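Following: one structure in structure tokens, then a few remarks.
Residue numbers (this note's numbering): 10 to 184.
Structure, rendered in structure tokens:
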């Protein structure tokens, strides 16, 4: 199946002017594109997001759950969409949010874990990442907000419906 490609030009900023916040209408447009209801969404780097279960390490943004995106206190396979908007670097994390280092492999693993098979893991960043383990590419959105500002890449992955580890079939492997 081909990877869908889109270009969105959305207004910026939203009313809250939260540093690192999504452009105006982004969440609503993404949920519409993927046909996801707001109650089926988890946002582990919630900030001031509008939809879904809001998880963040910072109490001041009043998340639904105060927790680190690297270790989510959420059951496996329960969300249709997990939307990741991490700090873009360790320096950015420290300076803008006062939080620690970011570990993409760990927060990606957690996002896949809590997403239902066939659901979506979305990464909002300024680079195009590698495919996340146990997912397949679904779509890429180039997101533009205004002149002289860095575009964002919205990478949309679909969690595989059946995940089998080949290690369980190797000789000498004990259950």
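Ideal Cβ placement from N, Cα and C applies to all residues, glycine included. The structure presented is a predicted model; accordingly, all values stated were derived computationally and were not measured.
Three-state secondary structure assigned by DSSP to residue 148: strand
Residues that DSSP places opposite residue 65 in a beta bridge: 75
Cα-Cα separation between residue 121 and residue 156, rounded to whole angstroms: 34 angstroms
Touch test, the segment 34-43 against the segment 80-87, Cβ-Cβ under 8 angstroms, three pairs minimum: The answer is no - the segment 80-87 does not touch the segment 34-43, with fewer than three Cβ pairs under 8 angstroms.
Is DSSP giving residue 39 helix, strand or coil here? helix
Can you have a look at residue 1 and say buried or exposed, based on whether 16 or more other CB atoms are within 10 angstroms of its CB? In the structure as shown, the chain starts at 10 and stops at 184, and residue 1 therefore has no counterpart that could be examined.
Taking all protein chains shown into account, do 16 or more other C-beta atoms lie within 10 angstroms of the C-beta of residue 114, making it buried, or fewer, making it exposed? exposed
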